[in-house]
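Residue numbers (my numbering): 360 to 1398.
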């Protein structure tokens, strides 16, 4: 196992109040607060200290979790830099995916007057103390039998020793020597992790900090600059006014310069790197065949390309788990605090070199199921009595084998036809369902797509309506179809609307389309049945005629008000009347202010930020949206919403129906035809052509001892077991959390079966089955060794984004920090080799978990700032809720590629570098992508031949940052770069907005928010600082 460099955290001379009640016994026995696993029914919270709000709603689950005690430390905020390159103090940066907006900055200018997103946490000595301690730290990896030595010669960090055999499980170790307390500097602006030199009493407005600054003191003026910072001459762009102070810990009352010795910097290469983890996995497992024939094996990372052979357990393209080894008991699970969860992407795309799912049909008999638990026949069933009966792997019930399914057993008790039947030998397959699985016991009709176009003044004037109508003429030929069919069975219909609804009759026998207007939007009805939903091939001439007429018909409109809820109601009623499932494609641009159900007002109130009422901004404004979503799901009506806003449109309300029905939300801020149409059309084409399951319902079955308790995704839950989705496409994932209800068995393991009943694009009712088996162990080390960090982050993001509907943001951020520390403290206490407390030891499988948890904590959804539009936060919250593991991985830790080192002679893409300003160079060009947006960052000294090759202009000064794409040029640079762009884009569901950013120009601020290892301009800690704070928490827990 290759070992890597490690980070040091300062030795803290005095520990603060520990967190008690932790099942492994961390924390003093008399501590007043108890923490359990998220949603653990047994977790309890005794009375909090006066003035501390008591959390009543759990994080992603159903039970109470108390607030962290005053000792819980805030994300550290030091001025220590993330690397060795420049002595200047860098401006702080914000990580949070920005709006897919126009090439101009969509956030207002950053201001030092805005309230920090995190509270002040002041200390008197931490920065200098950290700096002085770091040069005597030891960086060490050790093998069995080697005791870690604690001291190295002072002055330089010890170079790390090469890979050695490490005790199972592999771990990362970071050492700090014992040392005397460094005297505090006169003033310190940035408390890293506060020393208790002031009484530890107060709890601030953000994440609780132990020290109380004077609340009457104001922040320092905008002109102060940090140590060694030369205004306007920093390597990377202009200095922002007040940028030094836009994070917590800004504490006035003294000179702006930090006194004390010049701080020394921790080498960023010495701390675990996500890039290194990704590259190591690619090197060891990339391009190989991964066979799923072993229970509980950990698959290659989502970032590693390999060929997957299904040999009895579902492919990791369909299912990934937070850990592939469950703890035996609930007590062990509470001690480890590792969430037990799976992310299921039931319709994930399978590459051409892998086998598509087999379809099994048992005719009118239907699928074979266990009589007791109703699990479907799968490789986990054990045949007995010569093959006449089988024992269910989930509930152990013994069932008779139907006569038509009987087969003899071989000498090892396996059926002789095992490998001829997909349901006995594969982890994933499909069954053809019988009428018993259909609505009203009638075979379903093929689904329908209804296009609903907002023809108000703005959409007509922007050219959107004409663009859309022109595109649909060719796009309708590409509706999805089964492989064996010549044309698509999907029917289409058309509605336009502003304050009223216009339905169109496009029956094939008509010479011209006919329009019918419904002006009673309070009680919507569908004015025609015959001729509204048609087969495009049959009615082609009438539909083309209609699409030509719509832009002209409304060309002179002055109507700017729109309705919204009645539009969805009309589409749903049309599908209901036609007795089929389907999708509504709604193209909408403004807040629905016309008098009608679902009317909204602008409620975007910045005064609610960082208050207990901030959560209302993420909840629907009026109560007509939730019942509408419920009705849509009941009728198999999925809503896809394309938004084109130029101001607040209340996505938390308008996007709700989309979220609950399994639809997709797309947003194009300040839509401009020339700049944004390629992205919009790409999204529309991809969405229409997606393979989708309609009118779907998913059931999760487990073997005895544990059960599914919580579900996150673009889903609707009418009860505790049925996951309903009006539609589910290849990009949608559902995250499922499991809890113990009994002890598990090491021999039989933990078995899970996901069954999705759905209607195919041709109108056939089918069951898609995915099975996976996990190991169980009484050893915590096995549980930690089998973890997958990317899946943990998917779970934590979804549960945190659900929690903000009911809890203050600061409490949610505290929970993330606290949970990280508890997991790592449990590992340190129970699994790691004995070593000094000053060493930070990370399990090998989770060594970059703190990095990702920090990225999540400072994402724009969890950081309330006046500069970040509320709609942007609601939009990101909704997207992440239905993301799969690969998408959340890139979203929270963007890919940063050095474009200047492209190898023009090979197809290889250059290795990514870490997301930090340290990695940029004036002579380089870098491409950053996070799944929603792409930046091409250009250093001031980028080589002229690269500029000429990509832009066809002679110099850096000639490059226009207004461009949203690059010219098509016939040269190796351009072709290679375009192929890299195409490759990155092809793997992601959304067309990414492309922006060109030049070093030292204003838009660089937007780009910097994505350099997630650095400090954020909105108050989030850098990776180094966060790691130090996590280490401090762990030390407190262990004391």
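Note that CB positions come from ideal geometry on N, CA and C, so glycine has one too.
Going by C-alpha to C-alpha distance, which of the options sits closest to residue i?
| i | options | result |
| --- | --- | --- |
| residue 999 | 686, 1157, 1043, 1099 | 1043 |
| residue 668 | 676, 1187, 1348 | 676 |
| residue 626 | 979, 1036, 1130, 1383 | 1383 |
| residue 794 | 786, 639, 1125, 658 | 1125 |
| residue 1096 | 815, 1067, 806, 1115 | 1067 |
| residue 987 | 806, 849, 925 | 925 |
| residue 1167 | 968, 1156, 1177 | 968 |
| residue 660 | 708, 867, 1151 | 1151 |
| residue 767 | 923, 1200, 746 | 746 |
| residue 1185 | 1200, 1171, 1173, 1258 | 1200 |
| residue 724 | 1219, 1022, 1278, 762 | 762 |
| residue 1061 | 1091, 1102, 1074, 1110 | 1110 |
| residue 881 | 871, 860, 869 | 860 |
Just checking my contact of residue i with residue j at CB under 8 Å: how many whole Å lie between their CB atoms?
| i | j | result |
| --- | --- | --- |
| residue 1389 | residue 1183 | 7 Å |
| residue 1136 | residue 699 | Actually they are not in contact, since the Cβ atoms of residue 1136 and residue 699 sit about 13 Å apart, beyond 8 Å. |
| residue 962 | residue 978 | With 8 Å as the limit, residue 962 and residue 978 do not qualify as a contact, their Cβ atoms being about 11 Å apart. |
| residue 898 | residue 921 | Between residue 921 and residue 898 the Cβ distance is about 28 Å, and since that is not below 8 Å, they are no contact. |
| residue 1030 | residue 821 | 6 Å |
| residue 826 | residue 1036 | 6 Å |
| residue 1021 | residue 996 | About 10 Å; that fails the 8 Å criterion. |
| residue 709 | residue 683 | Not a contact, Cβ separation roughly 21 Å. |
| residue 1177 | residue 1380 | With a Cβ gap of about 15 Å, residue 1177 and residue 1380 do not count as contacting. |
If you run the structure through DSSP and keep just helix, strand and coil, what is residue i?
| i | result |
| --- | --- |
| residue 1075 | strand |
| residue 1260 | helix |
| residue 1349 | coil |
| residue 1054 | strand |
| residue 468 | With a pLDDT of 38 at residue 468, under the threshold of 50, the modelled position of that residue is not reliable, and the figure given next carries that caveat. Three-state DSSP puts residue 468 in coil, outside helix and strand. |
| residue 850 | strand |
| residue 600 | Bear in mind that a pLDDT of 32 at residue 600, under 50, signals an unreliable position, so the number given afterwards is only what the model happens to contain. Coil, per DSSP. |
| residue 1293 | strand |
| residue 1080 | coil |
| residue 894 | strand |
| residue 672 | coil |
| residue 1061 | strand |
| residue 828 | helix |
| residue 406 | Only weak support is given to the placement of residue 406: the predicted model assigns it a pLDDT of 39, under 50, and the value that follows is read from those uncertain coordinates. Three-state DSSP puts residue 406 in coil, outside helix and strand. |
| residue 877 | strand |
| residue 1006 | coil |
| residue 1213 | helix |
| residue 864 | strand |
Keeping to the same chain, check which residues put their C-beta closer than 7 Å to that of residue i; ignore five residues upstream and five downstream.
| i | result |
| --- | --- |
| residue 1353 | 1293, 1323, 1324 |
| residue 737 | 782, 1112, 1128, 1130 |
| residue 990 | 931 |
| residue 645 | 663, 664, 665 |
Taking 7 Å as the line, does the beta carbon of residue i fall inside it for any heavy atom of the ligand ADP?
| i | result |
| --- | --- |
| residue 1044 | The ligand ADP is not among the ligands present in this structure, which contains no ligands whatsoever. |
The alpha helix (DSSP H) that contains residue i, what's its start and end?
| i | result |
| --- | --- |
| residue 1395 | 1382 to 1397 |
| residue 814 | Residue 814 -> no alpha helix (DSSP H), and no H or E assigned at all. |
| residue 641 | 633 to 644 |
| residue 1047 | 1032 to 1048 |
| residue 782 | 781 to 784 |
Below 8 Å CB to CB, which residues in the same chain sit around residue i once its five sequence neighbours on both sides are set aside?
| i | result |
| --- | --- |
| residue 539 | The predicted model places residue 539 with a pLDDT of 30, which falls under 50 and marks its position as unreliable; any figure quoted below should be read in that light. Correct list: empty, nothing qualifies. |
With a CB to CB cut of under 6 Å and the five nearest residues on each side skipped, what residues in its chain are close to residue i?
| i | result |
| --- | --- |
| residue 1014 | 1024, 1237 |
| residue 474 | Unreliable positioning characterises residue 474 in this predicted model, as indicated by a pLDDT of 39, which lies under 50. A coordinate reading is not provided. |
| residue 575 | Because the pLDDT of residue 575 is 35, which lies under 50, any placement of that residue in the model is unreliable, and the number read from its coordinates should be weighed accordingly. None. |
| residue 817 | 948 |
| residue 1098 | 1068 |
| residue 1055 | 1084, 1087, 1115, 1117 |
Just reading off the beta strand (DSSP E) that residue i is part of, what are its end residues?
| i | result |
| --- | --- |
| residue 787 | 787 to 791 |
| residue 1377 | Where residue 1377 is concerned, there is no enclosing beta strand (DSSP E), given that its DSSP letter is neither H nor E. |
| residue 668 | 666 to 668 |
| residue 1127 | 1124 to 1136 |
| residue 656 | No beta strand (DSSP E) holds residue 656; DSSP gives it neither H nor E. |
| residue 930 | Residue 930 -> not in any beta strand (DSSP E); alpha helix (DSSP H) instead, spanning 924 to 936. |
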